[in-house]
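Numbering (the working numbering), first residue to last: 87 to 706.
Each residue gets a CB set at the ideal place from its N, CA and C atoms; glycine is no exception.
Right under this line is the structure:
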């Protein structure tokens with residue numbers, strides 16, 4: 087066995103991603119070294135690194151029944167496949183370049199592979215050999231990244247140097263050999279100062295010296311024998327302490343404890359042990375369930391690895407499906423009181439992976455733009471509207487005007503009507519309110535008035551929106567959107583807008599020229615001139631979209647914003663030129679009360695989120 091002295095050197099540069107990783111696992115003799123330089127876009131480089139690392143954790147260490155060479159081969163095949171899939175997903179872009187050495191050391195054996203410009207040098211008996219020569223001779227761009235494996239023996243006083251660039255371009259073989267006659271940190275420092283022409287460099291160096299135990303190397307058999315003795319020695323020590331404690335309690339001389347009834351002491355020890363074991367298992371876990379859940383916990387951990395791989399391949403739908411399945415299963419196990427520690431760890435990993443897969447940004451304690459509870463302690467805000475550069479918030483009977491972070495005293499909208507929704511009609515300088523009794527109220531120049539229509543009464547609706555001089559009322563019970571034109575002082579009668587869409591489960595609407603209607607379950611219906619248009623959102627997680635309750639967009643904005651008040655999350659969807667949508671990211675606000683409404687500035691630089699008593703500001 088060897089005692090390994092190792093150190094690393096990294097000289098980063100723009101667009102060059104470096105990572106030097108050592109992978110080990112308990113009860114395994116193998117050590118995996120990853121010396122990686124990935125030249126390319128940051129997120130793609132991170133994906134490549136994760137593919138390589140996860141594949142070793144998932145395949146190499148988990149297939150211990152096979153020999154080391156076979157496990158190494160299978161791991162590289164998986165890496166090559168995943169990298170090929172990632173490249174195909176980014177077919178419109180130049181794929182990153184990978185300079186990498188992957189080496190596995192097992193006792194005195196070394197197995198390694200190489201890609202790109204990376205090299206491995208062996209310094210033995212003052213002679214340098216390039217041991218990675220010819221391992222990665224790619225025929226074309228479609229060839230595997232990792233082609234071949236080299237294997238050999240390590241000897242005492244060997245030095246291995248894994249480098250992302252060919253050091254022999256900057257130093258001679260003799261110079262490198264002489265440099266590594268020093269200790270590893272000093273040698274790497276000299277390599278750093280001697281290779282300044284290399285704008286990017288990653289080097290791992292390892293020196294192998296004999297491992298000693300008590301002055302001589304311990305044989306594997308000797309070590310196993312000592313490991314077996316250690317637990318028995320501990321048990322004997324515990325028992326001796328216990329017997330002496332009994333002796334003291336009984337007034338006996340602890341040094342003469344063997345002379346009194348050792349059998350009685352042993353019986354007492356066993357009784358206490360049995361009582362302790364009985365108490366430890368007093369919750370009476372069902373053995374069959376325990377075994378079943380043990381398998382489920384182990385399977386869940388494996389499923390998470392598969393989900394992470396799918397995420398790297400940008401198969402978000404499949405990854406999310408696995409995460410949902412794992413979460414449901416583990417929550418059940420946790421609720422029944424089994425495997426608490428393991429369950430919590432798995433659920434934390436599910437949350438972490440879900441954030442990665444779905445590009446979720448969590449914002450804790452966002453900036454407070456305005457605290458409206460300073461104006462009314464019993465406030466319960468419902469929504470927002472913007473007019474003339476001012477942001478207004480409203481509750482059931484009051485309107486609050488904010489200018490920057492200043493809040494005006496509340497204005498009473500009505501003594502008899504309860505507000506349910508509001509919007510702004512900037513073309514007429516109005517804020518328009520919908521009431522619980524299906525009336526329209528208007529706010530203009532500090533005054534409130536009743537909106538009038540040429541119809542006998544306003545149509546019943548649950549949401550309102552404005553485009554130019556037109557007011558639209560969403561009426562799911564009529565399967566309709568009622569359109570009203572604002573004249574000088576009143577509105578024309580209602581006209582049917584919807585021609586062919588099912589709006590029976592509609593919750594909210596937003597208009598940018600097209601009308602986007604949000605329905606129960608997260609479905610978005612797009613209408614243009616009353617006709618339903620094909621509209622689907624790519625890459626969105628159906629579970630995240632399922633409970634959204636508000637939709638927001640404005641003319642000339644590039645995105646649609648969807649609010650899920652249950653989770654305090656905002657889904658951001660890009661409008662594509664082909665009429666589709668593309669999920670971009672999700673913002674989750676933490677450390678705040680329930681968010682009930684959102685508003686986004688016209689230039690989409692800031693988003694405002696409305697709580698029950700505060701307005702929060704989030705930079706986009």
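DSSP bridge partner residues for residue 676 (one or two, in chain order)
In the chain shown, counting from the first residue as 1, residue 676 sits at position 590. Beta-bridge pairing links residue 676 to 450.
Given residue 386 as reference, the closest of 416, 378, 398 and 399 once Cα atoms are compared:
By 1-based counting over the chain shown, the position of residue 386 is 300. Checked all of 416, 378, 398 and 399; the closest Cα to residue 386 is 416.
How would you label residue 543, buried or exposed, when you count the other beta carbons within 10 angstroms and need 16 or more for buried?
By 1-based counting over the chain shown, the position of residue 543 is 457. Its Cβ having fewer than 16 others within 10 Å, residue 543 is exposed.
Where does the unbroken beta strand (DSSP E) through residue 594 begin, and where does it stop?
Counting from one through the chain shown, the residue named residue 594 turns up at place 508. Annotation: the continuous beta strand (DSSP E) that includes residue 594 extends over 592-597.
Count the CB pairs spanning the segment 606-624 and the segment 374-394 that are closer than 8 angstroms, and state whether there are at least three.
No, because fewer than three Cβ pairs between the segment 606-624 and the segment 374-394 fall closer than 8 angstroms, the two stretches do not touch.
For the segment 638-655 and the segment 612-622, state whether three or more C-beta atom pairs, one from each stretch, are separated by less than 8 angstroms.
In this structure the segment 638-655 does not lie against the segment 612-622, because fewer than three pairs of beta carbons, one per stretch, are closer than 8 angstroms.
Along the chain, where does the alpha helix (DSSP H) that runs through residue 137 open and close?
The residue you call residue 137 lines up with position 51 of the chain shown. For residue 137, the enclosing alpha helix (DSSP H) stretches over residues 128-141.
Rounded to whole angstroms, what's the CA-CA distance from residue 281 to residue 262? Just pull it up for me.
Here residue 281 refers to the residue found at position 195 when the chain shown is read from its first residue. Here residue 262 refers to the residue found at position 176 when the chain shown is read from its first residue. Distance from the CA atom of residue 281 to the CA atom of residue 262, rounded to whole angstroms, is 11 angstroms.
Please identify the residue among 203, 99 and 284 whose C-alpha is closest to the C-alpha of residue 128.
The count along the chain shown starts at 1 and reaches residue 128 at position 42. The option with the nearest alpha carbon to residue 128 is 99.
Between the segment 505-519 and the segment 471-482, do three or more beta carbon pairs fall short of 8 angstroms?
They touch, by the three-pair rule.
Throw me the rounded Cβ distance for the residue 206 and residue 218 pair, which I believe falls under 8 angstroms.
The sequence position of residue 206 within the chain shown is 120, counting from 1. The sequence position of residue 218 within the chain shown is 132, counting from 1. Their Cβ separation, rounded to whole angstroms, is 4 angstroms, which keeps residue 206 and residue 218 in contact under 8 angstroms.
If you drop the 5 nearest sequence neighbours on each side, which residues of the same chain put their C-beta closer than 6 angstroms to that of residue 234?
Position 148 of the chain shown, counting from 1, holds the residue named residue 234. Excluding positions up to five away in sequence, the list reads 221.
Under 7 angstroms, do residue 241 and residue 270 count as touching if we go by C-beta distance?
Here residue 241 is taken as the residue at index 155 of the chain shown, counted from 1. Here residue 270 is taken as the residue at index 184 of the chain shown, counted from 1. Between residue 241 and residue 270, the CB-CB gap reaches or exceeds 7 angstroms.
With DSSP as the reference, label residue 115 as helix, strand or coil.
Translated into positions along the chain shown, residue 115 becomes position 29. Of the three classes helix, strand and coil, the one that applies to residue 115 here is coil, per DSSP.
Own chain partners of residue 204 with C-beta closer than 6 angstroms, once the 5 adjacent residues on each side are dropped:
The sequence position of residue 204 within the chain shown is 118, counting from 1. Excluding residues within five positions, the ones whose Cβ falls inside 6 angstroms are 185, 186, 187 and 250.
Measuring alpha carbon to alpha carbon, tell me which residue in 533, 212, 624 and 169 is nearest residue 664.
Taking the chain shown and counting its residues from 1, the one referred to as residue 664 is at position 578. Minimum Cα distance to residue 664 is reached at 624.
Buried versus exposed call for residue 636 [16 or more other C-beta atoms within 10 Å across all chains shown]:
Start at 1 with the first residue of the chain shown, and residue 636 comes out as number 550. By the Cβ-count criterion, residue 636 is buried, with 16 or more other Cβ atoms from all chains shown falling within 10 Å of its own Cβ.
Could you check the C-alpha separation between residue 707 and residue 126 for me, to the nearest Å?
Outside the shown range of the chain, which is 87 to 706, sits residue 707, and nothing can be said about it.
Assuming contact is defined by CB atoms lying nearer than 7 angstroms, are residue 137 and residue 439 in contact in what I supplied?
Locating residue 137 in the chain shown gives position 51, counting from the first residue. Locating residue 439 in the chain shown gives position 353, counting from the first residue. In this structure, residue 439 does not lie closer than 7 angstroms to residue 137 by Cβ.
Mind checking who residue 185 pairs with in its DSSP beta bridge?
Position 99 of the chain shown, counting from 1, holds the residue named residue 185. In DSSP, residue 185 forms a bridge with 123.
Quick check on residue 121: buried or exposed, where buried means 16 or more other Cβ atoms within 10 Å of its Cβ?
Here the question's residue 121 lines up with position 35 in the chain shown. Residue 121 should be labelled buried.
By the three-class DSSP mapping on this structure, what secondary structure does residue 508 have?
For this step, residue 508 is matched to residue 422 along the chain shown. In the structure shown, residue 508 sits in a strand (DSSP, three-state: E or B).
In chain order, what residues of the same chain have a beta carbon less than 7 angstroms from the beta carbon of residue 431, not counting five sequence neighbours either side?
As a first step, residue 431 must be located in the chain shown, where it is residue number 345. Listed in chain order, the non-local C-beta contacts of residue 431 below 7 angstroms within the same chain number zero, local neighbours out to five positions each way being set aside.
Classification of residue 627 by the beta-carbon crowding that lies within 10 angstroms, buried from 16 upward
Looking up residue 627 in the chain shown gives position 541. A buried status is given to residue 627, since no fewer than 16 other beta-carbon atoms sit within 10 Å of its beta-carbon.
From what residue to what residue does the beta strand (DSSP E) around residue 528 run?
On the chain shown, position 442 is the one that residue 528 refers to. Its beta strand (DSSP E) spans residues 526-530.
Status (buried if at least 16 other CB within 10 Å, exposed otherwise) for residue 245:
One-based indexing of the chain shown puts residue 245 at position 159. Buried: at least 16 other Cβ atoms inside 10 Å.
Check this for me: beta carbons of residue 567 and residue 577, under 7 angstroms apart or not?
As a position in the chain shown, residue 567 is number 481, starting the count at 1. As a position in the chain shown, residue 577 is number 491, starting the count at 1. For residue 567 and residue 577, no; Cβs fall outside 7 angstroms.
Would you check if the distance between the CB atom of residue 487 and the CB atom of residue 467 is smaller than 7 angstroms?
Counting from 1 along the chain shown, the entry for residue 487 is found at position 401. Counting from 1 along the chain shown, the entry for residue 467 is found at position 381. Not closer than 7 angstroms, so no.
For the putative contact between residue 685 and residue 477, defined by C-beta atoms under 8 angstroms, what is the C-beta separation to the nearest angstrom?
Here residue 685 refers to the residue found at position 599 when the chain shown is read from its first residue. Here residue 477 refers to the residue found at position 391 when the chain shown is read from its first residue. In this structure residue 685 is in contact with residue 477, their Cβ atoms being roughly 7 angstroms apart against a cut-off of 8 angstroms.
So who's on the other strand from residue 213, going by DSSP bridges?
What you label residue 213 is simply residue 127 of the chain shown in a count that begins at 1. Paired residues: 210.
Assuming the contact rule is C-beta atoms closer than 8 angstroms, residue 394 and residue 140 should be a hit. Round their C-beta distance to whole Å, please.
Here residue 394 corresponds to residue number 308 of the chain shown, with the count starting at 1. Here residue 140 corresponds to residue number 54 of the chain shown, with the count starting at 1. So it is a contact: roughly 6 angstroms between Cβ atoms.
Using the Cβ count rule (16 or more neighbours within 10 Å means buried), how would you classify residue 569?
Counting from 1 along the chain shown, the entry for residue 569 is found at position 483. Flag for residue 569 reads buried.
Which value, in whole angstroms, describes the spacing of the CA atoms of residue 443 and residue 92?
Position 357 of the chain shown holds residue 443. Position 6 of the chain shown holds residue 92. Their backbone Cα atoms lie some 35 angstroms apart in a straight line.
With a CB to CB cut of under 6 angstroms and the five nearest residues on each side skipped, what residues in its chain are close to residue 597?
Taking the chain shown and counting its residues from 1, the one referred to as residue 597 is at position 511. Closer than 6 angstroms at the Cβ level, and outside the excluded window around residue 597, lie 551 and 553.
Under three-state DSSP, which class holds residue 96?
Along the chain shown, one-based indexing puts residue 96 at 10. If DSSP states are grouped into helix, strand and coil, residue 96 belongs with the strands.
Just to confirm the assignment, what range does the beta strand (DSSP E) spanning residue 488 have?
The residue given as residue 488 occupies position 402 in the chain shown. Looking at the DSSP string, the run of the beta strand (DSSP E) that includes residue 488 is 484-489.
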